[in-house]
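Numbering (the working numbering), first residue to last: -13 to 367.
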């Protein structure tokens, strides 16, 4: 008798997932571990939610998403892609995580391969294993750009490729040419491409090219977005997918089974956010840029530390000089009063690295980097 046994799918995820459960930081410790803006949601967006609640947006809504919100998203997608996209190709989801997981569950059969360039966001392999698929990890190049020939070789017979752009955890921004080469190499195959562009509006140096703008990619593209990062709306749990109409119905069926309708008032606030546009968050972007520059300068001056300067998102992913596994280094740094993320969480090539989030004020970053520098100089291994 095994009354409380978990399903095989859950056993697979639990046995292999490297995503931390989370929890409160030890007393006196500074946490640079969370992938969350340290800013509050802009007041105009909050007020839109309050107005929506008072106006009666307190009931079940359309399981596909608020019609006005879907139309606005469709218009934005059409503008970037250069092709008319209707609201029937858009699904509003419970955050970007639900969008990613629903896509994988809707498209990947047990035993099918999913190609994951890494280091990257650790939800992707977890979702693949939940579906019974097989994660196929392909390291990015030393400059953190896509190794397109290796990706195409690994993708032979694969059902899906997942991309995070800009990249969590490295902050890399993929070039237009690499996306075009990937699309050209996939022509005539049955391989879909899921692109998570959660940090698309947090780019500091290079011009960001959305996957939506890559013409030969569009027939196989599942575009995933969230309001969490751009608009500091992590707690609102609003994301969305845009995909070919032949595919969106399958993803919709999975999402509806898990979640039904997304919070109605939160969707009205999200519509307001998109109407205001990323400019409403320009002060956040400038703060992140200043912090990025500070973190880069500090890390450059720590002996033995190696990294590629992040061009987007709000992370620095650095190699430390000690010959210790990253979870052990993580524990060592906790003793110095700073909490980071182990590089191994983000894929095999992430080992030997730590991820630092600079979504924190400069005073916190200064103290935390003082502790990191001290740890790098003192930890033996």
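Built from N, CA and C at the ideal position, the CB exists for glycine as well.
{"query": "Residue closest to residue 305, alpha-carbon to alpha-carbon, out of 111, 298, 315 and 299", "result": "315"}
{"query": "Residue 102 versus residue 235: straight-line alpha-carbon distance, rounded", "result": "24 Å"}
{"query": "Contact set for residue 77: own chain, Cβ-Cβ below 7 Å, skip 5 residues either direction", "result": "50, 51, 226, 227, 234, 237, 238 and 241"}
{"query": "Alpha carbon of residue 229 to alpha carbon of residue 58, nearest angstrom", "result": "15 Å"}
{"query": "Strand pairing of residue 121, partner residues [DSSP]", "result": "100"}
{"query": "Residues bridged to residue 17 (per DSSP)", "result": "325"}
{"query": "Of the listed residues -1, 171, 20 and 339, nearest to residue 294 (C-alpha basis)", "result": "339"}
{"query": "Span separating the alpha-carbon of residue 113 from that of residue 336", "result": "19 Å"}
{"query": "Assigned exposure category for residue 12 - 16 Cβ within 10 Å defines buried", "result": "exposed"}
{"query": "Alpha-carbon spacing of residue 128 relative to residue 180, whole angstroms", "result": "23 Å"}
{"query": "Own chain partners of residue 83 with C-beta closer than 7 Å, once the 5 adjacent residues on each side are dropped", "result": "109"}
{"query": "Those residues which DSSP pairs with residue 180 across a bridge", "result": "148 and 208"}
{"query": "Burial state of residue 321 (16 or more Cβ within 10 Å)", "result": "exposed"}
{"query": "Environment of residue 182 [buried if 16+ CB atoms lie within 10 Å]", "result": "buried"}
{"query": "Nearest candidate by alpha-carbon position, reference residue 178, set 331, 205, 359 and 221", "result": "205"}
{"query": "Under the three-state DSSP convention, the category residue 88 falls into", "result": "helix"}
{"query": "Identity of the residues DSSP links to residue 32 by a beta bridge", "result": "According to DSSP, residue 32 bridges with nothing at all."}
{"query": "Span separating the alpha-carbon of residue 271 from that of residue 303", "result": "19 Å"}
{"query": "From 146, 188, 184 and 153, residue whose alpha carbon lies closest to that of residue 168", "result": "146"}
{"query": "Contact under 7 Å by Cβ, residue 31 with residue 258", "result": "yes"}
{"query": "Bridge-paired residues (DSSP) for residue 234", "result": "Answer is none; residue 234 lacks a bridge partner."}
{"query": "Inter-residue spacing [alpha-carbon to alpha-carbon] between residue 261 and residue 288", "result": "43 Å"}
{"query": "Buried or exposed by the 16-neighbour rule on C-beta atoms within 10 Å, applied to residue 80", "result": "buried"}
{"query": "Residue environment, residue 0, which counts as buried when at least 16 other CB atoms sit within 10 Å", "result": "exposed"}
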